[in-house]
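Chemist:
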Amino acid sequence: GKFRWGLAQGQLRACLGGKSSVGVAKVVNMEPRWNETLGSYSLNFYSRVKKASKKNFLLVPEGDENNIICLFGKMSRDTYALDFRPPLSCVQAFMTALSSFEHKMGIS
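Following this line, the structure appears as structure tokens:
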């Protein structure tokens with residue numbers, strides 16, 4: 001078959017849409033929950049994130065919100081925390097975090 005980006009054409013789609021998930025982990029953004037004390041929706045960043053930001057996120061395996069695999073959030077004006085664990089690699093976690101920045105970095 002035809003190969004693109006190291007996978008036979010349709011192989012990734014088959015893994016994501018079909019029953020075979022060997023080597024593929026589907027992760028989703030954790031949905032915020034209503035916090036009565038704050039009077040708003042919020043996520044628990046376990047004291048790692050200090051500032052509210054639309055860039056903050058938690059990634060979990062689909063259907064398993066108790067198993068955080070990536071935490072990204074603002075700690076101060078120019079500092080962010082990025083915590084991750086398998087199945088994410090360092091490169092995957094870093095690229096996912098970079099994608100949360102809406103402006104194009106390095107372009108004036």
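The numbers in the numbering used here rise by one with no breaks, and the one at position 10 of the sequence shown is 10. A virtual CB, placed ideally from N, CA and C, is assigned to each residue, including glycine.
1) Just curious, the beta strand (DSSP E) that L82 is in, first and last residue?
2) Run through DSSP, which three-state label would L43 get?
3) When DSSP labels each residue in this structure, what does V91 get in the three-state scheme?
4) Given this structure, state the Cα-to-Cα distance separating Y80 from E102, to the nearest angstrom.
5) List the DSSP bridge partners of L59.
6) Have a look at the DSSP bridge pairing and note the partners of S76.
7) Taking the beta carbon of C70 as the centre, do at least 16 other beta carbons fall within 10 Å, making it buried, or is it exposed?
8) Is the CB-CB distance between L82 and I68 below 7 Å?
9) Take the Cβ of A25 as the centre, count every other Cβ of all protein chains shown within 10 Å, and call the residue buried at 16 or more, exposed below.
10) Hey, out of A52, S99, T96, R33, whose CA is closest to E65's CA?
Modeler: Checking against the coordinates, here is how it stands:
1) Here residue 82 is taken as the residue at index 82 of the sequence shown, counted from 1. L82 -> beta strand (DSSP E) spans 79-84.
2) As a first step, residue 43 must be located in the sequence shown, where it is residue number 43. It is coil, neither helix nor strand.
3) Locating residue 91 in the sequence shown gives position 91, counting from the first residue. If DSSP states are grouped into helix, strand and coil, V91 belongs with the helices.
4) For this step, residue 80 is matched to residue 80 along the sequence shown. For this step, residue 102 is matched to residue 102 along the sequence shown. The alpha-carbon atoms of Y80 and E102 are separated by roughly 15 Å.
5) Residue 59 sits at position 59 when you count from the first residue of the sequence shown. Paired residue(s): N29, C70.
6) The residue you call residue 76 lines up with position 76 of the sequence shown. The partner list for S76 (beta bridge, DSSP) reads T79.
7) Locating residue 70 in the sequence shown gives position 70, where the first residue counts as 1. Counting Cβ neighbours within 10 Å, C70 comes out buried, since at least 16 surround it.
8) Translated into positions along the sequence shown, residue 82 becomes position 82. Translated into positions along the sequence shown, residue 68 becomes position 68. Contact flag unset, no.
9) The residue you call residue 25 lines up with position 25 of the sequence shown. Counting C-beta atoms within 10 angstroms of its own C-beta, A25 has fewer than 16 neighbours from the protein chains shown and is therefore classed as exposed.
10) What you label residue 65 is simply residue 65 of the sequence shown in a count that begins at 1. E65 has its Cα closest to that of R33, out of A52, S99, T96, R33.
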